[in-house]
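For reference, the structure is listed below as structure tokens.
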Amino acid sequence: MMHAVINHLWQSTAFALLAWLLTLAFRRNRAQVRYWLWFSASVKFLVPFALLLSLGGYLSRSPVAKSLTVPAIPYAVVQVAEPFPVHAPVAPPAQTPIDWLPIVLVSLWMCGFLSVALSRVRGWLRIRAALHSSKPLGISFPVPVRSTTHLLEPGVIGFFRPKLLLPTGIKGCLTPEQLHVVLTHELCHVRRRDNLMAAIHMVVEAVFWFHPLVWWLGGRLVEERERACDEAVLESGSEPQVYAESILKICQLCVESPLACAPGVTGADLKRRIEAIMANRIGYRLNRAKKLLLASVGAAAVAGPIFMGVSYAPAVRAQAPTAQPAAAMTFEVASIKPSRADGRGGGLNLYPARIRIVNSSLKFCVETAWNLQDFQVSGAKGWIATDRYDIEAVAAGPFQKGEYRTMLRALLVDRFGLAIHRDTQNKNGFALVVGRGGPKLPPPTQDPDIMFSRTPSGDRALKAKSATLKQLAEALSSTLGAPVVDRTGIEGQFNVSLEWAPDPESRPRTLKSGWPVPPPPADAIPGPSLFTALQQTLGLKLEKQKVPVEVMVIDHASRPTPN
Numbered sequence: 009m010m011h012a013v014i015n016h017l018w019q020s021t022a023f024a025l026l027a028w029l030l031t032l033a034f035r036r037n038r039a040q041v042r043y044w045l046w047f048s049a050s051v052k053f054l055v056p057f058a059l060l061l062s063l064g065g066y067l068s069r070s071p072v073a074k075s076l077t078v079p080a081i082p083y084a085v086v087q088v089a090e091p092f093p094v095h096a097p098v099a100p101p102a103q104t105p106i107d108w109l110p111i112v113l114v115s116l117w118m119c120g121f122l123s124v125a126l127s128r129v130r131g132w133l134r135i136r137a138a139l140h141s142s143k144p145l146g147i148s149f150p151v152p153v154r155s156t157t158h159l160l161e162p163g164v165i166g167f168f169r170p171k172l173l174l175p176t177g178i179k180g181c182l183t184p185e186q187l188h189v190v191l192t193h194e195l196c197h198v199r200r201r202d203n204l205m206a207a208i209h210m211v212v213e214a215v216f217w218f219h220p221l222v223w224w225l226g227g228r229l230v231e232e233r234e235r236a237c238d239e240a241v242l243e244s245g246s247e248p249q250v251y252a253e254s255i256l257k258i259c260q261l262c263v264e265s266p267l268a269c270a271p272g273v274t275g276a277d278l279k280r281r282i283e284a285i286m287a288n289r290i291g292y293r294l295n296r297a298k299k300l301l302l303a304s305v306g307a308a309a310v311a312g313p314i315f316m317g318v319s320y321a322p323a324v325r326a327q328a329p330t331a332q333p334a335a336a337m338t339f340e341v342a343s344i345k346p347s348r349a350d351g352r353g354g355g356l357n358l359y360p361a362r363i364r365i366v367n368s369s370l371k372f373c374v375e376t377a378w379n380l381q382d383f384q385v386s387g388a389k390g391w392i393a394t395d396r397y398d399i400e401a402v403a404a405g406p407f408q409k410g411e412y413r414t415m416l417r418a419l420l421v422d423r424f425g426l427a428i429h430r431d432t433q434n435k436n437g438f439a440l441v442v443g444r445g446g447p448k449l450p451p452p453t454q455d456p457d458i459m460f461s462r463t464p465s466g467d468r469a470l471k472a473k474s475a476t477l478k479q480l481a482e483a484l485s486s487t488l489g490a491p492v493v494d495r496t497g498i499e500g501q502f503n504v505s506l507e508w509a510p511d512p513e514s515r516p517r518t519l520k521s522g523w524p525v526p527p528p529p530a531d532a533i534p535g536p537s538l539f540t541a542l543q544q545t546l547g548l549k550l551e552k553q554k555v556p557v558e559v560m561v562i563d564h565a566s567r568p569t570p571n
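Taking the working numbering, I'd label the letters of the sequence shown as residues 9 to 571.
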């Protein structure tokens, strides 16, 4: 999570610097152009780069099979866009102390967020009080005009049904010409919806209050917003001297609005504004070349990440580890039909150059193709877990080691339109830790051969030759049907032997084919439980914990056409 936040902040900062460079290129053009450049930099803080990539990946999902060969370009792009990689969490050793740093950082962020939010709410309440105590003012204007006794400068209130709020007595303090230019200025704010845009940046300031660039952006937005309205007033034919005098009179009579989303007349650097008004400076309109430059940058910023997501979707990247060409890793002939079996039999039958999957779900096929356990598949809902199929596939020659799994993956992508991606999720499981009294492991062995053997039932005894405790945890995970991670901190290889009696109170296991296997009766086999056998034999124990598990998420699948 922390890496994702850092990546987002880095990308948003780089985008703001790009916007700054563009404002330098457009410094002689209308202030409205620079305002929208700064506003786009502000909005970028609310739109992570990864969100656009995910949108592209979502748009790319299709039942059509995709190529399993992925060029190296997308990985280089990701490395540039996200220089702080996100790694799967590593299982910490037993009795790891609480990491207080994330808790402290989140607490500090919450305090800052609430402080900024409460400050904005307090300002908004002051304006609401002024609005409630105001009275209608007989001035012809596109939006309702009201007067208030509160010491406020003229300002537009509201996002979708705006109202113009004027201080009581302002008509007597300004000449008709001065009042006219003030109303023209406020009408520009109404037409530009500046109060709504300012409110959006207020959200950015509240969420990213710790980033100095966000507050600097706020100052640039106010400066260009007021300058854009000044240019519009001057372009309408108003006298610069009358306009400047009206602003100075309002500064003498009123105070600034207490909320940034109620734009008035006296915002930004008054000295620079008055100088620009008296010089009657109005920026140039965009020529064709600069319009093309803006369009190109905008398209690259928005469409670029989406196109990358479409071209290199997670469903395709999940297949990247396959180094062999797709044509050499597919079946010659494959038949998929809905199963008509009434019994509870089902599963995989493996032959030298042929596989048969009988009366099994697509979820089971995914587990088989990627050598996963039941809890390692996510998104298998509805027909994906319930519909049963008979699959028979023939290869061109005998399988090499594990080759049938790669070929089955390609078949599922082609016939089921399977789209998947890998993820790491926290699930209820067990941590293998050192028990009370310390470990009782046999002396380490250097035998290079690793061997696991079980009894025919597969859940009453386990013997491991020259295996690490991490490999033992994986074997226990298969036995328990729940994730088990090694958190003993013990290195080396050991010859271990475990024997236990199945727990009659345990919940029924589920085979990969989908059929439940009930536990044996209580008097079937006397002996200790698996948990007791671990403690007595190896001095280890299993603790219930949330553990990180690498899972395969099914994003999309469609029923195949029988053949």
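Cβ atoms here follow ideal geometry from the backbone N, Cα and C, with glycine treated the same way.
| query | Grouping DSSP H, G and I as helix and E and B as strand, with all else coil, what is N379? | reply | Numbered from 1 along the sequence shown, position 371 holds the residue referred to as residue 379. Three-state DSSP puts N379 in coil, outside helix and strand.
| query | Helix, strand or coil: how does DSSP classify G355 here? | reply | Here residue 355 is taken as the residue at index 347 of the sequence shown, counted from 1. Reduced to three states, the DSSP call for G355 is strand.
| Is the shortest distance between the beta-carbon of P220 and the beta-carbons of chain C less than 7 angstroms? | Included in the structure is just one protein chain, with no chain C present.
| message | Considering only the alpha carbon of each residue, which of P568, E375, R396 and V493 lies closest to A349? | response | Counting from one through the sequence shown, the residue named residue 349 turns up at place 341. Looking at the Cα atoms, R396 is the closest of the given residues.
| query | Between the C-alpha atoms of M220 and S115, what's the straight-line distance to the nearest angstrom? | reply | By one-based count along the sequence shown, residue 220 stands at place 212. By one-based count along the sequence shown, residue 115 stands at place 107. For the sequence presented, residue 220 should be read as Pro rather than Met. Just so you know, the alpha carbons of P220 and S115 end up roughly 19 angstroms apart.
| What is the rounded straight-line gap between the Cα of Q433 and the Cα of E482? | Taking the first residue of the sequence shown as position 1, residue 433 is located at position 425. Taking the first residue of the sequence shown as position 1, residue 482 is located at position 474. Take the alpha-carbon of Q433 and the one of E482: they are about 17 angstroms apart.
| said: Whole angstroms are fine: how far does the CA of L477 sit from the CA of V492? | reply: Here residue 492 refers to the residue found at position 484 when the sequence shown is read from its first residue. Here residue 477 refers to the residue found at position 469 when the sequence shown is read from its first residue. Each residue's Cα considered, the two are about 11 angstroms apart.
| task | Report the option in W224, A207 and D238 whose CA atom is closest to the CA atom of C196. | result | Position 188 of the sequence shown, counted from the first residue, corresponds to residue 196. The shortest CA-to-CA distance from C196 to any of W224, A207 and D238 is the one to D238.
| request: Tell whether a beta-carbon distance below 7 angstroms holds between A403 and A377. | output: Taking the sequence shown and counting its residues from 1, one reaches residue 403 at position 395. Taking the sequence shown and counting its residues from 1, one reaches residue 377 at position 369. No, these two residues do not count as a Cβ contact at 7 angstroms.
| task | Tell me whether the beta-carbon of V559 lies closer than 7 angstroms to the beta-carbon of D431. | result | As a working mapping, residue 559 is identified with position 551 in the sequence shown. As a working mapping, residue 431 is identified with position 423 in the sequence shown. In contact: V559 and D431 (Cβ atoms closer than 7 angstroms).
| field | For E551, three-class secondary structure by DSSP | value | Looking up residue 551 in the sequence shown gives position 543. E551 falls in the strand class under three-state DSSP.
| task | Whole angstroms is fine: what's the gap from L76's alpha carbon to G354's? | result | The residue you call residue 76 lines up with position 68 of the sequence shown. The residue you call residue 354 lines up with position 346 of the sequence shown. Caution applies to L76, whose pLDDT of 36 falls short of 50 and renders its modelled position unreliable; the value that the coordinates give is listed next. Between L76 and G354, the C-alpha separation is close to 29 angstroms.
| query | Since N37 sits in a beta bridge, which residues does DSSP pair it with? | reply | The residue labelled residue 37 in the question sits at position 29 within the sequence shown. N37 is bridged to Y292.
| field | Extent of the continuous alpha helix (DSSP H) to which A541 belongs | value | Indexing the sequence shown from 1 puts residue 541 at position 533. Residues L538 to A541.
| request: Give a yes or no on whether the C-beta atoms belonging to S155 and L139 are separated by under 7 angstroms. | output: The residue labelled residue 155 in the question sits at position 147 within the sequence shown. The residue labelled residue 139 in the question sits at position 131 within the sequence shown. Taking 7 angstroms as the Cβ cut-off, S155 and L139 do not qualify as a contacting pair.
| task | May I ask you to verify whether the stretch 539-558 touches the stretch 494-508, counting CB pairs closer than 8 angstroms and requiring at least 3? | result | Contact between the stretch 539-558 and the stretch 494-508 is present, because at least three Cβ pairs lie under 8 angstroms.
| Spatial neighbours of Y412 in its chain, beta-carbon cut-off 7 angstroms, leaving aside the 5 residues before and after | Taking the sequence shown and counting its residues from 1, one reaches residue 412 at position 404. Cβ neighbours of Y412 beyond the five flanking positions: L358 and I363.
| Near L416, what residues of its chain come up, given a Cβ to Cβ distance below 6 angstroms and the 5 sequence neighbours on each side ignored? | Indexing the sequence shown from 1 puts residue 416 at position 408. Cβ within range, chain order: A377.
| query | Quick one: is L111 buried, meaning 16 or more other Cβ sit within 10 Å of its Cβ, or exposed? | reply | For the purposes of this step, residue 111 is identified with residue 103 of the sequence shown, where counting begins at 1. The displayed chain sequence assigns Ile, not Leu, to residue 111. That one is exposed.
| message | Measuring straight from C-alpha to C-alpha, what distance separates L380 and A439? | response | In the sequence shown, the residue the question calls residue 380 occupies position 372. In the sequence shown, the residue the question calls residue 439 occupies position 431. Note on geometry: alpha-carbon atoms of L380 and A439 lie some 19 angstroms from one another.
| said: Quick check: the Cα distance between R209 and V51, rounded to an integer number of angstroms? | reply: Within the sequence shown, residue 209 is the residue found at index 201, counting from 1. Within the sequence shown, residue 51 is the residue found at index 43, counting from 1. The sequence given here has His at residue 209, not Arg. Between the alpha carbons of H209 and V51 lies a gap of roughly 7 angstroms.
| DSSP three-state assignment for K257, whether helix, strand or coil | The residue given as residue 257 occupies position 249 in the sequence shown. When secondary structure is reduced to three states using DSSP, K257 falls in the helix class.
| query | How many angstroms separate the CA atom of L648 from the CA atom of M205? | reply | Because the chain spans 9 through 571 in this model, residue 648 falls outside it and cannot be assessed.
| task | Determine which residues share a DSSP beta bridge with N203 and list them. | result | On the sequence shown, position 195 is the one that residue 203 refers to. Looking at the DSSP output, N203 shares a beta bridge with no other residue.
| Residues near G547 by beta carbon distance below 8 angstroms, same chain, minus five either side | Counting from 1 along the sequence shown, the entry for residue 547 is found at position 539. Only V442, G443, G445, G446, P447, K448 and L449 meet the Cβ criterion.
| said: Using 7 angstroms as the threshold, is the C-beta distance between V124 and W217 below it? | reply: If you number the sequence shown from 1, residue 124 lands on position 116. If you number the sequence shown from 1, residue 217 lands on position 209. Taking 7 angstroms as the Cβ cut-off, V124 and W217 qualify as a contacting pair.
| Rounded to a whole number of angstroms, what is the C-alpha to C-alpha distance between V1 and G163? | The structure shown does not extend to residue 1, since the chain spans only 9 to 571, so no value can be given for it.
| Three-state secondary structure (DSSP) of F407 | Start at 1 with the first residue of the sequence shown, and residue 407 comes out as number 399. Residue state, collapsed to three classes: coil.
| Since I290 and E213 are thought to touch, with beta carbons under 8 angstroms apart, how far apart are those beta carbons, to the nearest angstrom? | For this step, residue 290 is matched to residue 282 along the sequence shown. For this step, residue 213 is matched to residue 205 along the sequence shown. Incorrect: roughly 30 angstroms between the Cβ atoms, too far for contact.
| T432 bridges to which residues according to DSSP? | The residue you call residue 432 lines up with position 424 of the sequence shown. T432 pairs with E558.
| request: Would you kindly check if the distance between the Cβ of A252 and the Cβ of I285 is under 7 angstroms? | output: Residue numbering aside, residue 285 sits at position 277 when the sequence shown is read from its first letter. Residue numbering aside, residue 252 sits at position 244 when the sequence shown is read from its first letter. Result yes, Cβ atoms of I285 and A252 sit closer than 7 angstroms.
| request: Could you name the residues of the same chain whose beta carbon sits closer than 6 angstroms to that of V555, not counting the 5 residues immediately before and after it, in chain order? | output: One-based indexing of the sequence shown puts residue 555 at position 547. The beta carbon of V555 is closer than 6 angstroms to those of G437, P491 and V493 in its chain, skipping five residues each way along the sequence.
| For F53, is the classification buried or exposed, using 16 other Cβ atoms within 10 angstroms of its Cβ as the cut-off for buried? | Counting from 1 along the sequence shown, the entry for residue 53 is found at position 45. Taking a 10 Å sphere around the C-beta of F53, we find 16 or more other C-beta atoms and assign the residue as buried.
| field | Proximity winner among V41, A565 and W28, relative to K299 (alpha-carbon distances) | value | Position 291 of the sequence shown, counting from 1, holds the residue named residue 299. Nearest C-alpha to K299: V41.
| First through last residue of the beta strand (DSSP E) which encompasses V230 | Translated into the one-based positions of the sequence shown, residue 230 becomes position 222. Under the DSSP assignment, V230 falls outside any beta strand (DSSP E), being part of the alpha helix (DSSP H) whose first and last residues are P220 to E243.
| Assigned exposure category for P451 - 16 Cβ within 10 Å defines buried | Within the sequence shown, the letter at position 443 stands for residue 451. Exposed.
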